[in-house]
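Beneath this line is the structure, given in structure tokens, with notes to follow.
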Amino acid sequence: RPGGGKTALVALVASVTPGITIVSVPFLGLRDQWVKVLDTFQVPTVLFSSKREFDSDPDHLMRSITSQTKIVVVSSDVAAHTPFIDAMLKVAQRRLISRIFIDELQAYYLDREFRHPLNLVYAMRKDLPLQLIGLSGTVPPALVEDVTDMFCLERPHVIRTSITRLNVRYKILQAPAHDSGILATLKTLFASNEWSYFVRPQHQGSGVSDFVNASSLLPADKFIIFVPFLDLGKVIADEFNLPFYHGSSRTVKTAIPPLTPEQCGHIISDFNRWGSGLVATDALGAGIDIPGVKAVICARTPMSAMAFVQQTDRGGRDDRACLAVLIPDFKAGMREARKLRIQHLADSNKKDIAGYNLIETVRHGSKQCVRGKMTGLFDEKVSKTTTCKDLAANTDIEVFQVCSECQNVRPAQDPDNLDGSHVYLAPDVFPPPKVTLFTPLTQDELNSRLKAVFSNTSARAEQRYLQYVHNEQRPILEMQRMLNYLGKRCGLCLVFGLGLEEHDAFHCPYYTRLAAYKAFKGCFNNECYQYWPRNVACYHCGVASIGGGNALHEDYGGRTTCPVDSAIFSIAFGVLDRWPEEMRTLFGVDFGRNFAKNVQHLLVPDDTFKVGLFKVVVWWWWTKSEGKDWKEFA
Numbered sequence: 001r002p003g004g005g006k007t008a009l010v011a012l013v014a015s016v017t018p019g020i021t022i023v024s025v026p027f028l029g030l031r032d033q034w035v036k037v038l039d040t041f042q043v044p045t046v047l048f049s050s051k052r053e054f055d056s057d058p059d060h061l062m063r064s065i066t067s068q069t070k071i072v073v074v075s076s077d078v079a080a081h082t083p084f085i086d087a088m089l090k091v092a093q094r095r096l097i098s099r100i101f102i103d104e105l106q107a108y109y110l111d112r113e114f115r116h117p118l119n120l121v122y123a124m125r126k127d128l129p130l131q132l133i134g135l136s137g138t139v140p141p142a143l144v145e146d147v148t149d150m151f152c153l154e155r156p157h158v159i160r161t162s163i164t165r166l167n168v169r170y171k172i173l174q175a176p177a178h179d180s181g182i183l184a185t186l187k188t189l190f191a192s193n194e195w196s197y198f199v200r201p202q203h204q205g206s207g208v209s210d211f212v213n214a215s216s217l218l219p220a221d222k223f224i225i226f227v228p229f230l231d232l233g234k235v236i237a238d239e240f241n242l243p244f245y246h247g248s249s250r251t252v253k254t255a256i257p258p259l260t261p262e263q264c265g266h267i268i269s270d271f272n273r274w275g276s277g278l279v280a281t282d283a284l285g286a287g288i289d290i291p292g293v294k295a296v297i298c299a300r301t302p303m304s305a306m307a308f309v310q311q312t313d314r315g316g317r318d319d320r321a322c323l324a325v326l327i328p329d330f331k332a333g334m335r336e337a338r339k340l341r342i343q344h345l346a347d348s349n350k351k352d353i354a355g356y357n358l359i360e361t362v363r364h365g366s367k368q369c370v371r372g373k374m375t376g377l378f379d380e381k382v383s384k385t386t387t388c389k390d391l392a393a394n395t396d397i398e399v400f401q402v403c404s405e406c407q408n409v410r411p412a413q414d415p416d417n418l419d420g421s422h423v424y425l426a427p428d429v430f431p432p433p434k435v436t437l438f439t440p441l442t443q444d445e446l447n448s449r450l451k452a453v454f455s456n457t458s459a460r461a462e463q464r465y466l467q468y469v470h471n472e473q474r475p476i477l478e479m480q481r482m483l484n485y486l487g488k489r490c491g492l493c494l495v496f497g498l499g500l501e502e503h504d505a506f507h508c509p510y511y512t513r514l515a516a517y518k519a520f521k522g523c524f525n526n527e528c529y530q531y532w533p534r535n536v537a538c539y540h541c542g543v544a545s546i547g548g549g550n551a552l553h554e555d556y557g558g559r560t561t562c563p564v565d566s567a568i569f570s571i572a573f574g575v576l577d578r579w580p581e582e583m584r585t586l587f588g589v590d591f592g593r594n595f596a597k598n599v600q601h602l603l604v605p606d607d608t609f610k611v612g613l614f615k616v617v618v619w620w621w622w623t624k625s626e627g628k629d630w631k632e633f634a
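Sequence positions in the sequence shown follow the UniProt record's numbering and run 1 to 634.
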């Protein structure tokens, strides 16, 4: 579970075994925290923060690895970068590289469709015989099956504890009718006796500010308000005069300035030092450890059950009483991104590992145990789901915090009669793993053993990587053929067989629904641009990239002129307009004729094409221009 001591495990293992340990982390803020914690443990550590460093002077960087270095910390994009892997191969000629730790393992699965490098971290194993250890506080059993294939694991050994936290009181509030109602709900919560019980102000005044400013809290007392949207976070932060931690590196709607990694670090440092409250997006929701958090509030329903557990488990890490509050969405099923994700999983016949459907059912008045819902997903193989009722019947557990949906359940001992120093300790429902003792090996013997044990893994990783390159290149090559054929001609004219001369689709003299196309393209520009996966595809032409590069133009993220600006958009619009029934079959969505309102369906990630927009265009090229069966391409 989150807060289970995984960082200490890495530090201990790396310190007492020969060779170098690589730690791959998916988030920049988490990467910096790893370095800070390992420095506290006095473990010699080297940080490689950017793949650009290896493009400029990899040999100079590798010289920073000395004979004393025990851990190399890298972000996931560096771990998947070929120059870094090549550099580590050189290091392996003089130093043993024994294992790689993958921190926040769930992120590599959940985010891989829009964070391309996460798919490629396993590639290091094709050249280096490495033991791989995944770390995560939220591991549903179904996730184990998927990451076993994703990382080419051999008979993985799973060591886990229950997700159940006895010290956390889950409280589900009534859903407000609109965003302004969230502010009123927060003010009511801050003024409640329940809030003062958990957050423990030194004095209780009459105003809301007495519960949220630094002077009213003990130095160790903190609370976090998580928000799913930047604009909502800005409103809450301004209303209660709280700092706002988010991961946006560019200005959004001119009112929310970007934060640099240094600024994010200062916010966390001040929060740790002074306490009080903090507003945060899910950029703070995984891996970042903050002591003394007495309450966590989710203002609007998190994206998934996994996100809910990660966010609420920022609190109560000292195993003392903690309040976890959910202010649900105004109504179930209203979050468009979640609906699209659920539909995508259903269409792809994939399991809902993250609990997108489950989190929709966590509502005020449901009378369904919140703790039971979460353990039912994450502790699936436990003989009996750990609900509040189960805990009350367990004679080994005297006291726990009852969730708000189980008010009639009472533990053997009333938690309200305990002081803040009480530590909640739960018996583990999982048996401890069997430990095998090995005879100590020399470094050469260990190196030979690693090569022998992981030779099959290296072969599987090599085969998987070659297949990946083939799969990635095929749509790119087809798009290259299509663009060579297209030249500078209008995509609308090509689809409808209109004029053949060169002209821009935005000013096409032949297409009769030009206003509808302009609205379609304008919707991308005004509303969808911020969601466009820039590390996956060029915004201007929609062409997916291979490992962060691009087959059609080298530097595509808005820094150079795209050679086929808007061509993909005009072709896609024309295809949607001319073949609506085929598109309904292809996507499982009825686009209607007002495509501007349905462009979000074209941003849904796809395993082969990265974005649906690309899929539409390749479908047209393959089936209409080439006259071939779509199933043949698939």
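All C-beta atoms in this analysis are idealised placements derived from N, C-alpha and C, irrespective of residue type, glycine included. If you're wondering where the values come from, they're calculated on a predicted model, not measured in any experiment.
Curious, which full-length alpha helix (DSSP H) runs of at least 4 residues does the stretch 89 to 160 contain? Entirely contained in the stretch 89 to 160, the alpha helix (DSSP H) runs reaching 4 residues are, in chain order, 105 to 110 and 141 to 150.
Within 10 angstroms of its Cβ, does proline 129 collect 16 or more other Cβ (buried), or is it exposed? The residue in question, proline 129, is buried, as its Cβ has 16 or more Cβ neighbours within 10 Å.
Would the stretch 342 to 352 count as touching the stretch 308 to 324 if we require 3 or more Cβ pairs under 8 Å? no
Any beta carbon from chain B within less than 7 Å of arginine 460's own beta carbon? The question asks about chain B, but that chain is absent: this structure has only one protein chain.
Using the three-state DSSP reduction, which class does lysine 521 fall into: helix, strand or coil? helix
If you draw a straight line from the C-alpha of serine 206 to the C-alpha of glycine 292, how long is it? Per-residue confidence for serine 206 stands at a pLDDT of 38, beneath the threshold of 50, marking its modelled position as unreliable; the derived number appears in the next sentence. C-alpha separation (whole angstroms): 25 Å.
Local conformation of threonine 512 per DSSP, three classes: Threonine 512 falls in the coil class under three-state DSSP.
Hey, could you find the ends of the beta strand (DSSP E) tyrosine 170 is sitting in? Following the DSSP letters along the chain, one finds tyrosine 170 inside the beta strand (DSSP E) bounded by residues 168 to 172.
What is the residue span of the beta strand (DSSP E) that alanine 572 lies within? Counting along the chain, alanine 572 falls outside any beta strand (DSSP E), though it belongs to the alpha helix (DSSP H) covering 567 to 578.
Sorted by chain position, which residues of the same chain lie with C-beta nearer than 6 Å to threonine 375's C-beta, five sequence neighbours on each side aside? Result list for threonine 375: Ile163, Thr164, Thr385 and Thr386, in chain order.
Local Cβ density within 10 Å of arginine 94, reported as buried at 16 or more and exposed below that: The residue in question, arginine 94, is exposed, as its Cβ has fewer than 16 Cβ neighbours within 10 Å.
Selected residue, minimal CA-CA separation from isoleucine 288, among Phe198, Gly265 and Tyr109: Gly265
Roughly how many whole angstroms lie between the Cα atoms of alanine 544 and lysine 615? Here the model assigns alanine 544 a pLDDT of 48, short of 50, so the residue's position is not dependable, and the following value carries that caveat. Going by the C-alpha atoms only, they are around 10 Å apart.
Going by DSSP, what residue range makes up the beta strand (DSSP E) through serine 276? For serine 276, the enclosing beta strand (DSSP E) stretches over residues 276 to 280.
Roughly how many angstroms separate the alpha carbons of glutamate 581 and valine 575, rounded to a whole number? 10 Å
Coarse secondary structure for lysine 294, derived from DSSP in three states: strand
Opening and closing residue of the beta strand (DSSP E) in which phenylalanine 223 lies: 222 to 226
Start-to-end residues for the beta strand (DSSP E) that takes in isoleucine 327: Element bounds for isoleucine 327: 322 to 327.
On the premise that valine 73 lies in contact with arginine 99, defined as a C-beta separation below 8 Å, what is that separation, rounded to the nearest angstrom? The Cβ separation is near 14 Å, so there is no contact.
In the DSSP assignment, the beta strand (DSSP E) including leucine 500 goes from what residue to what residue? From DSSP, leucine 500 is part of no beta strand (DSSP E); its letter is neither H nor E.
With distances taken between CB atoms, is the gap from leucine 498 to tyrosine 517 smaller than 7 Å? no
Locate the beta strand (DSSP E) running through phenylalanine 633, then write down its first and last residues. Careful: phenylalanine 633 lies outside any beta strand (DSSP E), inside the alpha helix (DSSP H) at 630 to 633.
Which whole runs of the alpha helix (DSSP H) in the stretch 383 to 468 are 4 residues long or more, in chain order? 388 to 393 and 443 to 453
Contact check, tyrosine 424 vs lysine 126 under 8 Å by CB: the rounded distance? Contact doesn't hold; Cβ gap of about 45 Å is too wide.
Below 8 Å, can you find three or more Cβ-Cβ pairs linking the stretch 166 to 180 to the stretch 398 to 405? yes
Under 7 Å Cβ to Cβ from alanine 14, same chain only, skipping five residues before and after it: list those, please. Residues Thr21, Val43, Lys70 and Ile71 of the same chain have their beta carbon placed closer than 7 Å to that of alanine 14, with the five preceding and five following residues left out of the count.
Does the beta-carbon of valine 23 have 16 or more other beta-carbons within 10 angstroms, so that it is buried, or is it exposed? buried
What is the DSSP secondary structure of leucine 47, reduced to helix, strand or coil? strand
Quick one: grab the DSSP three-state call for threonine 623. helix
The beta strand (DSSP E) that contains valine 72, what's its start and end? 71 to 75
Cβ neighbours of proline 243 in the same chain (closer than 8 Å, five flanking residues each side left out): Ala237, Ile267, Asp270, Phe271, Leu278 and Val279
Helix, strand or coil at serine 24 according to DSSP, with G and I counted as helix: strand
Apart from the five residues just before and just after tryptophan 579, which ones in its own chain have a Cβ nearer than 6 Å to its Cβ? none
Are phenylalanine 226 and cysteine 298 touching if we call contact CB-CB under 7 Å? yes
Using the beta-carbon count (16 or more within 10 Å), is serine 75 buried or exposed? buried
Inter-residue CB distance, phenylalanine 524 and phenylalanine 591 (contact presumed, cutoff 8 Å): Contact flag wrong, Cβ pair sits at about 15 Å.
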